[in-house]
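Start counting the sequence shown at 403; every next residue gets the next number (the working numbering).
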Amino acid sequence: MSCTLTSIYASLPRTTRGQPIVLGADPKGKTILYTNGNSVFIRNIEDPSQCEVYTEHSTAVQCAKYSPSGSYIASADNHGKVRIWGADNKEHLLKNEFQPFSGSIKDLAWTSDNQRIIVGGEGKEKFGHVFSADAGNSVGEISGMTKAINSVDFKPTRPFRAITGSEDNAVSFFEGPPFKWKTTMSDHEKFVHVVRYSPDGERFVSGAADGRIFLYDGKTGERLSEIGAPAHTGSIYGLCWDSTSHFILTASGDKTAKIWDVTTGAAVQTYSFGQDLKDQQVGCLWSGSTILTVSLSGQITYLDRNSPTPTRAIRGHNKSITALTVARGGSQGTRIISGSHDGLVVRWSVDGREMNNITGDNHTNQIQMLASNSRGVVASIGLDD
C-alpha cells in the first residue's frame with residue numbers, strides 16, 4: 403500500500419530566551435525560512451499550510467538564507483557545517499558542504515553576486531569566516547572581535563563591505579574582497595544582536611541588548627546617528643529594512659515591535675504584544691508588503707504597516723510533540739489535537755490551514771496522553787507538579 407503526503411503541520415521556529423532568531427526571505431517574496439531542531443522550514447507566506455522541510459543536517463540548524471538569485475539556500479548548524487542546496491526543486495539536492503570552523507554558526511549572508519558567503523558564530527579557533535560559495539576557499543579574514551559573533555551581513559552593492567555584530571559589544575567593519583578588518587565601532591554597551599545593510603547599500607544599522615540602534619554609512623562605516631534614545635526598553639533581537647531603504651522594523655524583548663523612519667529617527671508605528679514572558683519579540687522579517695515578527699513562544703504574527711493591530715497569527719508547537727489524537731463529532735467536526743513537551747495543547751483543522759492554542763487552565767509540564775470520545779470531548783494527562 404502506497405502513501406501520499408497531503409499536509410505538513412509545521413513546527414514554529416525554535417526559540418531560546420535571550421537569543422535572537424534568524425529568518426530568511428525568498429527574493430521573490432513568496433516564502434520564509436526558519437529552523438527548528440535539525441530541520442529547515444520553507445513556509446509559504448500567503449498560505450502557511452504549504453510547507454517544505456529540509457532534514458539533511460545531523461545536528462541543530464541555527465540559520466538559513468536564500469541566495470540573492472533564489473536558486474539556492476545555505477543553512478548552517480551547531481557543528482559549524484554549511485550546506486548549500488537547491489531551493490527550486492522538491493528534492494533540494496545538495497550542491498556543496500563546507501565547514502568554515504568548528505562550533506555553532508549563528509548567522510550567515512551572501513554577497514549579491516551569489517559568489518561568497520560570510521558566517522559568524524562561536525568557533526573554537528575563530529568567530530567568523532568568509533569563503534567562496536562554489537569552492538569553499540577563503541576570501542579574506544574575519545577577525546578583530548574577542549567574543550562570539552551574533553550577526554553578519556554584506557553590503558549588497560559594490561564596492562562590497564562586510565559587517566559583524568558580536569558579544570564584545572562591538573560592530574566590526576571589513577573591506578574587500580579579499581575581506582580585511584578596517585575598523586571597529588564600540589557605541590553599544592551590551593551584546594550586539596543584529597546588524598543589517600539597507601537594500602541600496604547606503605547605510606547599515608545595529609541593534610543590541612542595550613535597546614539602542616545606531617545608523618552608519620554603508621561605504622565607510624562612519625557613525626551617522628542614533629535612532630531613538632533609546633529605541634526600546636529591552637534587548638533588540640530583530641532588525642530589518644523595507645525595500646525603499648527608508649524604514650526599519652525592530653523586534654524587542656520589551657514585548658514590542660516598531661517601525662522607524664531612519665531619516666528622522668522617529669517611530670512611525672508601534673506594536674504591543676502583551677505582558678507575558680512569551681510575548682517577547684525575538685525576530686522579524688520585512689519582505690515586500692509582508693511584515694512579521696516571531697515571539698519567544700514561536701508564534702508568527704503578521705503586521706499591518708498602517709495599523710497597530712496584528713492582522714494574523716500563526717500558532718502551533720515549537721517543542722517536541724508528545725501526544726496526539728483525532729477528535730470527531732461535536733460542533734467543530736473532525737480535528738486533530740496535539741500536545742507537546744511544554745504542556746501546550748493545539749487544535750488543528752484536518753487540512754492544516756487553521757490552528758489554535760487551547761487556552762485556560764492548561765498543563766504546566768509535558769502532555770503524556772490525549773484521548774477523545776464519540777462526542778468530540780478530549781481528555782489530556784500531563785506530568786504536572
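Cβ coordinates follow ideal geometry from the N, Cα and C atoms, glycine included.
- D681 carries a helical assignment under DSSP once its states are collapsed to helix, strand and coil.
- Cβ-Cβ separation between V594 and N539: approximately 28 angstroms, too far for a contact (criterion under 8 angstroms).
- Annotation: Q701 to N758 spans about 11 angstroms, alpha carbon to alpha carbon.
- Here S608 really is in contact with V597; their C-beta atoms are around 5 angstroms apart, less than 8 angstroms.
- In chain order, R737 place their CB closer than 7 angstroms to the CB of S751, counting only its own chain and leaving out the 5 sequence neighbours on each side.
- Shown here, K660 sits in a strand according to DSSP, grouped into three states.
- In this structure C642 touches W688 by the C-beta definition: roughly 5 angstroms separates them, less than 8 angstroms.
- Judged by DSSP in its simplified three-state form, H531 adopts strand.
- The three-state reading of DSSP puts Q701 in coil, since its state is none of H, G, I, E or B.
- Ranked by Cα distance from R625, the options A462, D787, S473 and T586 are led by T586.
- Relative to the Cα of F503, the nearest Cα in the group N516, E527 and I519 belongs to E527.
- Here DSSP, grouped into helix, strand and coil, assigns Y456 to strand.
- In this structure, the straight-line span from the alpha carbon of I565 to that of I444 is close to 27 angstroms.
- Counting the other Cβ atoms within 10 Å of the Cβ of A572 gives 16 or more, which makes it buried.
- The residues G745, G784, L785 and D786, in chain order, have a CB closer than 6 angstroms to that of N767 in the same chain once the five nearest residues on each side in sequence are set aside.
- When DSSP states are grouped into helix, strand and coil, V779 belongs to the coil group.
- Of the other Cβ atoms in all chains shown, 16 or more fall within 10 Å of the Cβ of T724; this residue is therefore buried.
- Bounds of the beta strand (DSSP E) holding K497 are L496 to F500.
- Below 8 angstroms, too few C-beta pairs join the segment 611–625 and the segment 440–455 to call them touching: fewer than three.
- Buried is the label assigned to A611, since at least 16 other Cβ atoms lie within 10 Å of its Cβ.
- I486 places its beta carbon 8 angstroms or farther from that of A478.
- A direct Cα-Cα distance of roughly 26 angstroms separates L435 from E604.
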